[in-house]
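Written as structure tokens, this is what we have:
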């Protein structure tokens, strides 16, 4: 929405493919002991010694996953890394390396890609992951980012989705629904801007939810916290598609049921007030909004004392036998079956 | 060019994202001991014990890297895997896993993606790699495939680009230029088809060069052969951008020069005859054509007796001091500086 008309524009064609990669990655430093060889050969070479390795990959496509009219490229670079690291942390692993490939049309000048890589670099520095490979190519339309993230796990510390057992507690980090409501505010301001391009976006009072949409953080800190507390979850997943969908994944793969308590779902006050403003039910947003990148996990009841006082963690339900099904227990104490709606059907 | 008008068309929207991944990957079997957990969790989990790990990634974009008017989707899936495995073998490693992400527009029916994944599955079976992850998403235009390949190396067996030393021999596997000439034939037939859609493509006599373009093989066998012969190359790279460009990479990173002998460059008779037909110099095609996916490597002269009789390997030159520069020694015994032209400037 806010475009700098004076920005410098260097055509991508002025650098070759090798020149472009070298230019964009020249400031990246190797930080992980496991990186033997990063960018510059046919493949990266990594040495994890006796650790297990986790690998995950995600594509972000312009017009599908992001809208550059309100998503700054630096934030996009940052978010592309977060989305992938979140999947590494969801295994209870430490993130160590990423590869980043981009397909980009000629309408992007070099300076735009520098912004994108500045965001990638910031994420790599904060989360201490090494950029060890990638590919840059032209596309006929728009921008596409493909990230693969790699991580390491000591011994048998990995946590799958399939380990939840009846009576386990269902726990979530942080709060939910903010990224979705941030998107609603940004979409509304985009519509205003389309009608009157001279208007300034009115984002006052929405800073938290907009930041959750534009610059999410993957919960490395929660993996470290659980390790410090000596708690190994029985099952874990990251919340990318909405709480409902992720609970269903854990229960289906663990062959268990669960009760989720509506009144326990953690919501930021800005989510509640924005939901009121947009006349949307905040529970529906938490259940189906997605893009929260919080961790959802189950723990044995024996571990309850270790986590009960932690402000980063909320117990939102408990695991039951498979035959008892999956239910949301509402504030009115009615039990309704839990369904995954996800983004698509949200406004039906 | 040859479109089956009767093909079945199932809309992608009829399956959700999870349904689509499950459907496309349901036949894939785990073959590698190092794959602890494949598709189905937030990340794959791999266990390489004390082996080092190599990682490489490549993007293939419709309209840039492939043309679906003559590239069957099954071949495209196969080639997307080959392009990446080739980079694993170029490290002297064994390929073990791949992840495959695709962005695809709605114009592709499910049956098209089934063809694509049939090619991926064939490649995975023949080369014994496990598909352990990926992402499927919609795109506004066309098809994009992002593959990450992972491999393992025992002890200190990895081979980089930077280990070539003066007096080393420069060796190449297979023959060169065929993929480029195959593309020329396919492009010509496409032009004929545009003028007369009822014409049948005339591909008689071009089967080898067309197969090299549409269904290249990565040289796993050469890595195994070198191991059997007890030869560890001093430097190695795969030939994706043309012989010139790859020799320059090795020499630049190894800080050496080289002499390349024009009369030693291995050419298939079909390449020579097609070059005559198209009035293109076959040496130029070998030097700059690209997409051969052969391995180029340097070995110590001491290893010469071990490889000299092997029909898969050709000694095409030798390494010199950096100060002596990089030269092509022509059939007329003149020395011309070696330059990388690559695809783009090829017809200038």
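Residue numbers (this note's numbering), protein chains in the order written: chain R, 283 to 630; chain A, 283 to 630. All residues carry an ideal CB built from backbone N, CA and C; glycine is no exception. Quick caveat, the model's predicted, so the values are computed rather than measured.
Can you grab the Cα-Cα spacing for the pair residue i / residue j, in whole Å?
i	j	result
residue 496 (chain R)	residue 373 (chain A)	38 Å
residue 625 (chain R)	residue 607 (chain R)	With a pLDDT of only 42 at residue 625 (chain R), under 50, the local geometry of the prediction cannot be trusted, and no value is derived from it.
residue 386 (chain A)	residue 457 (chain R)	33 Å
residue 285 (chain R)	residue 444 (chain A)	In this predicted model, residue 285 (chain R) has a pLDDT of only 48, less than 50, meaning its place in the structure is not dependable enough to derive any value.
residue 611 (chain A)	residue 548 (chain A)	15 Å
residue 491 (chain A)	residue 460 (chain A)	5 Å
residue 301 (chain R)	residue 575 (chain A)	22 Å
residue 398 (chain R)	residue 420 (chain R)	16 Å
residue 578 (chain A)	residue 317 (chain A)	30 Å
residue 389 (chain R)	residue 295 (chain R)	11 Å
residue 358 (chain A)	residue 519 (chain A)	23 Å
residue 516 (chain R)	residue 468 (chain A)	55 Å
residue 349 (chain R)	residue 292 (chain R)	22 Å
residue 314 (chain R)	residue 376 (chain R)	11 Å
residue 330 (chain R)	residue 432 (chain R)	11 Å
residue 382 (chain R)	residue 615 (chain A)	45 Å
residue 499 (chain R)	residue 400 (chain R)	16 Å
residue 466 (chain R)	residue 347 (chain R)	14 Å
residue 552 (chain A)	residue 487 (chain A)	8 Å
residue 241 (chain R)	residue 440 (chain R)	Since the first residue of chain R shown is 283 and the last is 630, residue 241 (chain R) is not available in this structure.
residue 529 (chain R)	residue 537 (chain R)	12 Å
residue 596 (chain R)	residue 303 (chain A)	32 Å
residue 571 (chain A)	residue 506 (chain A)	26 Å
residue 355 (chain R)	residue 395 (chain R)	8 Å
residue 307 (chain A)	residue 450 (chain R)	32 Å
residue 335 (chain R)	residue 435 (chain R)	6 Å
residue 371 (chain R)	residue 402 (chain R)	18 Å
residue 563 (chain R)	residue 533 (chain R)	25 Å
residue 504 (chain R)	residue 455 (chain R)	7 Å
For residue i, which residues from the same chain have a beta carbon less than 7 Å from its beta carbon, with the 5 sequence-adjacent residues on both sides left out?
i	result
residue 569 (chain R)	524, 525, 526
residue 618 (chain A)	609, 610, 612
residue 481 (chain A)	474, 475
residue 404 (chain A)	360
residue 560 (chain A)	466
residue 545 (chain A)	613
residue 541 (chain A)	599, 600, 602, 609, 611
residue 422 (chain R)	387
Residue range of the beta strand (DSSP E) that residue i falls in?
i	result
residue 620 (chain R)	Residue 620 (chain R) -> no beta strand (DSSP E), and no H or E assigned at all.
residue 609 (chain R)	608-611
residue 517 (chain A)	517-520
residue 441 (chain A)	Neither: residue 441 (chain A) is in no beta strand (DSSP E) and is coded neither H nor E.
residue 418 (chain R)	412-420
residue 290 (chain A)	It is not in any beta strand (DSSP E) - residue 290 (chain A) carries neither H nor E in the DSSP assignment.
residue 543 (chain A)	538-543
residue 328 (chain A)	326-328
residue 423 (chain A)	Where residue 423 (chain A) is concerned, there is no enclosing beta strand (DSSP E), given that its DSSP letter is neither H nor E.
residue 599 (chain R)	595-603
residue 400 (chain A)	Not the beta strand (DSSP E): residue 400 (chain A) falls in the alpha helix (DSSP H), residues 392-408.
residue 387 (chain R)	Per DSSP, residue 387 (chain R) belongs to no beta strand (DSSP E) and is neither H nor E.
For the alpha helix (DSSP H) containing residue i, list its first residue and its last residue.
i	result
residue 455 (chain A)	It is not in any alpha helix (DSSP H) - residue 455 (chain A) instead sits in the beta strand (DSSP E) that spans 451-455.
residue 357 (chain R)	355-371
residue 585 (chain R)	Neither: residue 585 (chain R) is in no alpha helix (DSSP H) and is coded neither H nor E.
residue 248 (chain A)	Lying outside 283 to 630, the shown extent of chain A, residue 248 (chain A) is not represented and no answer is given.
residue 555 (chain A)	551-560
Just to confirm my understanding: we take residue i, look at its own chain, exclude 5 residues before and 5 after, and list those with CB closer than 6 Å. What are they?
i	result
residue 535 (chain R)	443, 444
residue 312 (chain R)	320, 412
residue 416 (chain A)	381, 382, 383
residue 368 (chain R)	500, 520, 575
residue 406 (chain A)	413
residue 426 (chain R)	343, 385
residue 462 (chain A)	567, 571
Starting from residue i, find everything on chain A with Cβ-Cβ shorter than 8 Å and list it in chain order.
i	result
residue 353 (chain R)	What residue 353 (chain R) touches in chain A: nothing, since even the nearest Cβ is about 16 Å away.
residue 369 (chain R)	324, 325
Starting from residue i, find everything on chain R with Cβ-Cβ shorter than 8 Å and list it in chain order.
i	result
residue 415 (chain A)	337, 338, 339
Listing by chain order, which chain A residues have their CB less than 9 Å from the CB of residue i?
i	result
residue 460 (chain R)	Here the premise fails: no neighbours, minimum Cβ distance about 21 Å.
residue 343 (chain R)	385, 419, 420, 421, 422, 426
Determine the chain R residues that contact residue i at a beta-carbon separation under 7 Å, and present them in chain order.
i	result
residue 453 (chain A)	Those within 7 Å of residue 453 (chain A) in chain R number zero; the least Cβ separation is about 16 Å.
residue 443 (chain A)	323
Can you list the residues of chain R that residue i reaches, using a CB-CB cut of under 9 Å?
i	result
residue 346 (chain A)	385, 419, 420, 421, 422
Can you list, in chain order, the residues of its chain whose CB lies under 8 Å from that of residue i, leaving out five sequence neighbours each side?
i	result
residue 393 (chain R)	289, 290, 291, 292
What runs of the alpha helix (DSSP H), each 4 residues or longer, lie entirely inside the segment 454-517 of chain R? 460-477, 489-496, 502-510
Ignoring anything shorter than 4 residues, give me the alpha helix (DSSP H) runs that lie fully in the segment 299-345 of chain A, in order along the chain. 299-307
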